Amino acid sequence: PEEIISACVISKIAGAKFVKTSTGFGPKGATVEDVHLMKWVVGDELGVKAAGGIRTYEDAVKMYLSGANRIGTSSGVRIVERG
């Protein structure tokens, strides 16, 4: 959690528009807990992009409800079709 908080604070100071959970290519994707923490740190000043491991409509909804306002996924068509 400390690294996430530091990265979010530095991103705010640097003038970023968004913070992102992960690249989506590592072993650990976005988690509800990470998204919630990031949103808590950046508030409404920055957007939060959840990426990595989001494969279903339910996953996307969980991320949105945790504070993400952008979703990065390779399963976009399936999510939109709710498949």
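Going by our numbering, 67 is the number at position 67 of the sequence shown; the sequence numbering is gapless.
Built from N, CA and C at the ideal position, the CB exists for glycine as well.
Fair warning: this is a prediction, and the values are worked out from it, not measured in the lab.
So which of the options has the shortest CA-CA distance to residue i?
i, options, result
"Val9", "Gly76, Pro27 and Gly47", "Gly47"
"Ser74", "Arg82, Lys62, Ala51 and Val61", "Ala51"
"Ala7", "Thr31, Glu58, Leu37 and Asp59", "Leu37"
With a Cβ-Cβ cutoff of 9 Å, do residue i and residue j count as a contact?
i, j, result
"Gly29", "Gly67", "no"
"Lys49", "Gly76", "no"
"Val42", "Lys12", "yes"
"Arg55", "Arg78", "yes"
For the alpha helix (DSSP H) containing residue i, list its first residue and its last residue.
i, result
"Gly76", "Gly76 to Glu81"
"Ile5", "Glu2 to Ala14"
"Lys39", "Val32 to Val42"
Could you give the DSSP three-state label for residue i: helix, strand or coil?
i, result
"Ala60", "helix"
How far does the beta strand (DSSP E) with residue i in it extend, from its first residue to its last?
i, result
"Arg70", "Arg70 to Gly72"
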